[in-house]
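Trainee:
Residue numbers (the UniProt record's numbering), protein chains in the order written: chain U, 1 to 325; chain F, 1 to 325.
1. On the DSSP letters alone, give me the boundaries of the alpha helix (DSSP H) that residue 290 of chain U sits inside.
2. My parser needs the beta strand (DSSP E) runs of 3 or more residues fully inside the segment 127-211 of chain F; what are they?
3. Does any residue of chain U bring its CB to less than 8 Å from the CB of residue 199 of chain F?
4. Give the straight-line distance between the Cα atoms of residue 164 of chain F and residue 171 of chain F, rounded to the nearest whole angstrom.
5. Roughly how many angstroms separate the alpha carbons of residue 241 of chain U and residue 74 of chain U, rounded to a whole number?
6. Just the chain F side, please: which residues come within less than 8 Å of residue 68 of chain U by C-beta, in chain order?
7. Quick one: using the 10 Å Cβ neighbour count with 16 as the cut-off for buried, is residue 212 of chain U buried or exposed?
8. Taking the Cβ atom as the reference point for each residue, do residue 90 of chain F and residue 57 of chain F lie within a distance shorter than 8 Å?
9. Could you have a look at residue 111 of chain F and say whether DSSP puts it in helix, strand or coil?
10. Would you report the Cα separation of residue 258 of chain U and residue 223 of chain U, rounded to the nearest angstrom?
11. Below 8 Å on C-beta distance, what does residue 18 of chain F contact in chain U?
12. Given 8 Å as the limit, is there contact between the segment 53-69 of chain U and the segment 126-141 of chain U, that is, 3 or more CB pairs closer than that?
13. Go ahead and label residue 53 of chain U buried or exposed: buried means 16 or more other beta carbons lie within 10 angstroms of its beta carbon, across all protein chains shown.
14. Applying the criterion that 16 or more other CB atoms from any shown protein chain within 10 Å of the CB defines a buried residue, is residue 220 of chain F buried or exposed?
15. Please compile the residues from chain F whose C-beta is within a distance smaller than 9 Å of the C-beta of residue 322 of chain U.
16. Output the distance between the C-alpha atoms of residue 67 of chain U and residue 5 of chain U, rounded to the nearest integer angstrom.
17. Going by Cα to Cα distance, which pick from U:49, U:305 and U:297 is closest to residue 270 of chain U?
18. Based on Cα-Cα distance, which residue from U:239, U:24, U:84 and U:76 lies nearest to residue 283 of chain U?
19. I'd like to know if the segment 13-23 of chain F and the segment 40-54 of chain F are in contact, where contact means that at least 3 CB-CB pairs between them fall below 8 Å.
20. In whole angstroms, what separates the C-alpha of residue 121 of chain U from that of residue 45 of chain U?
21. Who are the neighbours of residue 85 of chain F on chain U, taking C-beta pairs under 7 Å?
22. Per the contact definition of three or more C-beta pairs closer than 8 Å, is the segment 284-299 of chain F in contact with the segment 289-303 of chain U?
23. Opposite residue 25 of chain F in the DSSP bridges: which residues?
24. Return the CA-CA distance between residue 12 of chain U and residue 40 of chain U, expressed in angstroms with no decimal places.
25. Just reading off the beta strand (DSSP E) that residue 259 of chain F is part of, what are its end residues?
26. Report the neighbours of residue 97 of chain U on chain F: residues whose CB is nearer than 7 Å to its CB, in chain order.
27. Can you list, in chain order, the residues of its chain with a C-beta nearer than 7 Å to that of residue 110 of chain F? Leave out the 5 residues immediately preceding and following it.
28. Nearest by alpha-carbon distance to residue 71 of chain F: which of F:237, F:198 and F:98 is it?
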């Protein structure tokens with residue numbers, strides 16, 4: 001599973017970081033899912049291998065502009081490119097009101113249907129092509145949510161030793177058993193698909209949170225998660241000094257939460273523009289990293305725009321380089 | 001006067017061209033004016049020397065998304081940067097409805113007042129800090145307008161020969177006369193400011209048009225204009241072959257209009273993404289240029305993102321290089 005960061009700045013874009021948007025896709029999958037869509041997301045998508053025609057669903061965490069103002073333009077461009085496939089958008093109700101108001105006031109006609117799903121009423125069996133999706137309410141002044149994406153369609157492998165022991169000759173029968181069919185051997189013995197398939201490996205799970213001042217609210221959603229992507233808008237030091245956190249989390253709070261639940265991989269994003277990339281300037285992104293590492297010993301990444309993080313089947317999260325082209 | 005192109009693509013952004021936005025400012029002026037504001041305009045502004053705090057007015061030509069979807073994010077960012085100065089937005093009524101709907105549905109609170117001016121009721125004496133602004137209705141399916149910006153505050157120079165002939169000694173008296181004051185010489189002779197100031201040079205005039213399928217509608221607005229900036233979304237050849245122009249102009253139509261009115265400088269922009277920059281690919285931007293040159297012998301430019309065109313006091317329009325940083 002690949003997580004692609006299309007925007008990692010909080011509130012306003014900077015020259016290096018656009019406002020929030022994150023793409024997630026299974027490796028070699030045809031489609032992808034977008035979580036949040038700040039202004040300029042479609043321009044970021046143009047610089048990746050992602051296609052708006054293959055976008056399977058958009059999950060919006062909350063209605064603040066830096067997480068949703070890119071929606072109308074992205075939908076408009078998908079229309080102009082001739083998309084006809086329906087597109088699912090999951091989000092809080094104000095997202096629906098926002099989109100409908102923009103469509104009504106600017107004459108935006110789409111060539112494909114939007115299927116809006118209210119995140120507060122997300123069905124328990126909600127699925128995209130590649131992921132089962134769960135959501136959980138967070139704390140941020142306006143309704144904000146986190147999304148868990150659990151991979152679907154994990155293929156069980158054939159137990160070749162067992163096949164040989166049962167005397168099933170290598171050939172078309174193996175293929176039928178792998179596809180889930182049962183077969184009859186020449187001597188009349190029935191071999192079921194289930195008995196010759198190895199147990200499925202655990203499904204990978206990635207949680208992508210919206211803006212949130214209380215990481216503990218993600219405890220349930222993070223059960224069994226391999227990765228949490230969470231905002232770390234500020235450091236504790238800045239919040240203590242300036243006395244404001246605006247409903248956001250510090251690196252310390254997120255790192256401590258990840259430590260407490262034993263999370264293996266944490267990716268921080270959504271950094272206040274006050275944190276500069278240049279390590280010589282204070283405060284810098286390096287301060288956020290330092291504060292997080294003081295509280296968390298798992299695999300930690302601080303996302304940059306165009307970063308791709310690859311979650312392997314054994315649950316390791318690697319930086320797979322920038323996707324920018 | 002400098003014209004800065006922040007987006008030159010029609011309908012959808014490409015990797016090289018963002019959707020429409022054009023900045024205009026007098027050289028060395030503190031403030032600037034933005035004409036149109038497609039999605040991602042604020043990100044383009046970040047790569048120039050322009051500041052949202054110094055933005056004097058926004059003129060919107062029409063309500064299509066590629067000309068206005070950048071407004072909410074740009075206003076939001078100006079707020080987060082602490083802008084308090086009122087901002088004038090001129091445009092058709094649907095722009096006001098669009099902005100109000102986005103503010104209402106996404107909780108966008110601005111730290112500065114918006115003074116909305118309906119372009120259909122633009123006062124004859126409407127002015128920004130540096131420009132007198134006129135508007136004219138165009139033809140494009142939805143209400144679309146062109147704007148003329150005429151420079152204000154042209155300073156008259158002192159007629160030094162006349163001063164010497166009148167016996168006014170070089171010194172503070174010259175400064176007072178230059179500032180518009182009259183003076184009394186020692187012998188009691190009154191010297192008026194007006195009689196020792198040279199006639200003002202002509203004010204420069206730039207017309208920036210919205211999407212428009214009938215260039216002739218700009219005839220009045222272009223009277224005495226030094227520069228016309230107009231869309232050339234297609235070439236005649238493509239429109240003839242594909243039978244669609246969607247309310248836009250061809251390079252041929254704009255060039256022929258500019259020729260017919262004796263316009264000295266023409267800048268084409270808003271190119272359909274089908275025209276590639278690579279001259280080896282057909283159709284290309286070079287085809288648009290060729291078609292325009294076949295019909296127009298004045299100074300012609302085809303705008304690229306970040307291009308700056310400088311209009312000198314003697315009415316020449318030069319390419320002043322990319323502003324990108």
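We put the CB at the ideal spot given by N, CA and C, even for glycine. Model, not experiment: these values are computed from the prediction.
Mentor: Let me spell this out:
1. Position 290 of the first chain holds residue 290 of chain U. Note, residue 290 of chain U: alpha helix (DSSP H), 285-293.
2. 131-137, 145-151 and 205-209
3. The count along the second chain starts at 1 and reaches residue 199 of chain F at position 199. No, no contact with chain U.
4. Counted from its first residue, the second chain places residue 164 of chain F at position 164. Counted from its first residue, the second chain places residue 171 of chain F at position 171. Straight-line Cα distance between these residues: approximately 12 Å.
5. Start at 1 with the first residue of the first chain, and residue 241 of chain U comes out as number 241. Start at 1 with the first residue of the first chain, and residue 74 of chain U comes out as number 74. C-alpha separation (whole angstroms): 39 Å.
6. In the first chain, the residue the question calls residue 68 of chain U occupies position 68. Chain F residues near residue 68 of chain U: 106.
7. Within the first chain, numbered from 1, the residue matching residue 212 of chain U stands at position 212. Per the 10 Å Cβ criterion, buried.
8. The count along the second chain starts at 1 and reaches residue 90 of chain F at position 90. The count along the second chain starts at 1 and reaches residue 57 of chain F at position 57. Less than 8 Å separates the beta-carbon of residue 90 of chain F from that of residue 57 of chain F.
9. Within the second chain, residue 111 of chain F is the residue found at index 111, counting from 1. In this structure, residue 111 of chain F counts as coil in the three-state DSSP scheme.
10. Numbered from 1 along the first chain, position 258 holds the residue referred to as residue 258 of chain U. Numbered from 1 along the first chain, position 223 holds the residue referred to as residue 223 of chain U. Each residue's Cα considered, the two are about 11 Å apart.
11. Here residue 18 of chain F refers to the residue found at position 18 of the second chain. Correct list: 43.
12. yes
13. Translated into positions along the first chain, residue 53 of chain U becomes position 53. With fewer than 16 Cβ atoms within 10 Å of its Cβ, residue 53 of chain U is classed as exposed.
14. Walking along the second chain from the start, residue 220 of chain F turns up at place 220. Residue environment analysis places residue 220 of chain F among the exposed positions, since fewer than 16 neighbouring C-beta atoms fall within 10 angstroms of its C-beta.
15. By one-based count along the first chain, residue 322 of chain U stands at place 322. Those within 9 Å of residue 322 of chain U in chain F number zero; the least Cβ separation is about 15 Å.
16. Stepping through the first chain from its first residue, residue 67 of chain U is reached at position 67. Stepping through the first chain from its first residue, residue 5 of chain U is reached at position 5. Taking the straight line from one Cα to the other gives about 13 Å.
17. Along the first chain, one-based indexing puts residue 270 of chain U at 270. Comparing Cα-Cα distances from residue 270 of chain U to each of U:49, U:305 and U:297, the minimum goes to U:305.
18. The sequence position of residue 283 of chain U within the first chain is 283, counting from 1. The candidate whose alpha carbon is nearest that of residue 283 of chain U is U:239.
19. yes
20. The residue labelled residue 121 of chain U in the question sits at position 121 within the first chain. The residue labelled residue 45 of chain U in the question sits at position 45 within the first chain. Distance between the alpha carbons of residue 121 of chain U and residue 45 of chain U is about 29 Å.
21. Against the second chain, residue 85 of chain F aligns to sequence position 85. Residues of chain U passing the Cβ test: none, with the nearest at roughly 18 Å.
22. no
23. For the purposes of this step, residue 25 of chain F is taken as residue 25 along the second chain, with counting starting at 1. Bridge partners of residue 25 of chain F: F:2.
24. Here residue 12 of chain U refers to the residue found at position 12 of the first chain. Here residue 40 of chain U refers to the residue found at position 40 of the first chain. In a straight line, the C-alpha of residue 12 of chain U is about 11 Å away from that of residue 40 of chain U.
25. In the second chain, counting from the first residue as 1, residue 259 of chain F sits at position 259. It is not in any beta strand (DSSP E) - residue 259 of chain F instead sits in the alpha helix (DSSP H) that spans 251-260.
26. Counting from 1 along the first chain, the entry for residue 97 of chain U is found at position 97. For the C-beta of residue 97 of chain U, the chain F residues within less than 7 Å are, from N- to C-terminus, 105.
27. Numbered from 1 along the second chain, position 110 holds the residue referred to as residue 110 of chain F. Result list for residue 110 of chain F: 75 and 79, in chain order.
28. Translated into the one-based positions of the second chain, residue 71 of chain F becomes position 71. Here the closest residue by C-alpha is F:98.
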